[in-house]
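Shown next, in structure tokens, is the structure this report addresses.
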Amino acid sequence: NAGVTQTPKFRVLKTGQSMTLLCAQDMNHEYMYWYRQDPGMGLRLIHYSVGEGTTAKGEVPDGYNVSRLKKQNFLLGLESAAPSQTSVYFCAIRRTPGQGSSEQFFGPGTRLTVL
Amino acid sequence: KNQVEQSPQSLIILEGKNCTLQCNYTVSPFSNLRWYKQDTGRGPVSLTIMTFSENTKSNGRYTATLDADTKQSSLHITASQLSDSASYICVVIPIYGNNRLAFGKGNQVVVIP
């Protein structure tokens, strides 16, 4: 998972608590993504960003907020955690379309449990 | 309905044997199709990428094929190794809305000695 780090690696929350997941990259890619991965399901897009200061909703944005104040960081926030948000969260990065490979590089993941 | 269906869901193979994983998709039009490998507890890593006009792509012991007419792709693993134990995910990138990739649920492969 070169160039993409996620903090924390594991977290246990109680229902109603808030937290922020951090994704940091050192590859200078413009596009960043947050996914969740649940057993028996494919990766689902939560939010994404096509550049510093921009964010957009993905497939499952409800209950999450994001911010991209700096190009290298993409934050995913849970304001009031619910058990349905128990999942493994992955961050991914990608070059701007037309500027090289379209491959998305994934981080190592954050395993979140909401009790 | 999921736009990318993979089969089999899981399989167990003996070390040294070959196996083939299947991916059927409905995404159209698409720009390219990727196979990712995801080791347990890790993020997915790209194995192969094919554009809609390519039929085959190899990466070492991994060979991916694509039939755009039937909307099918396969990933063949030759002479499997214990390190091939992982989930293999088929991903289709649509031409329009290419930030919204279509992910399969993955093929879980376990290689036993």
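Chains A and B supply the protein sequences, listed in that same order. Per this note's numbering, residue 1 is the first one in the first sequence, and the count goes up by one each step. Per this note's numbering, residue 1001 is the first one in the second sequence, and the count goes up by one each step. Note that CB positions come from ideal geometry on N, CA and C, so glycine has one too.
Asked                                                                                                                         : Found
CB contact below 9 Å: A:Ala48 versus chain B                                                                                  : Ala is not the amino acid found at residue 48 of chain A; the sequence shown has Tyr there. Yes, contact with chain B.
Beta-carbon contacts of A:Gly77 that lie in its chain and below 6 Å, excluding the five residues immediately before and after : Thr20, Asn65
For A:Gly107 and B:Thr1026, the rounded distance between their alpha carbons                                                  : 28 Å
Residues from the region 1013–1044 of chain B in contact with chain A, defined by Cβ distance under 9 Å                       : Ser1031, Asn1032, Arg1034, Tyr1036, Gln1038, Gly1041, Arg1042, Gly1043, Pro1044
Residues bridged to B:Ser1080 [DSSP beta-bridge criterion]                                                                    : None; B:Ser1080 has no bridge partner.
Test: A:Leu22 CB closer than 9 Å to a CB of chain B                                                                           : no
Selection of the region 57–90 of chain A by Cβ proximity to chain B, strictly under 8 Å                                       : Gly58, Glu59, Phe90
Selected residue, minimal CA-CA separation from B:Glu1054, among B:Lys1071, B:Ser1046, B:Asp1039, B:Gly1060                   : B:Lys1071
Endpoints, beta strand (DSSP E) assigned at B:Leu1014                                                                         : 1010–1014
As assigned by DSSP and simplified to three states, the class of A:Pro97                                                      : coil
Inter-residue spacing [alpha-carbon to alpha-carbon] between A:Arg68 and A:Gln6                                               : 15 Å
C-alpha distance - B:Ile1077 paired with B:Gln1006, whole-angstrom precision                                                  : 15 Å
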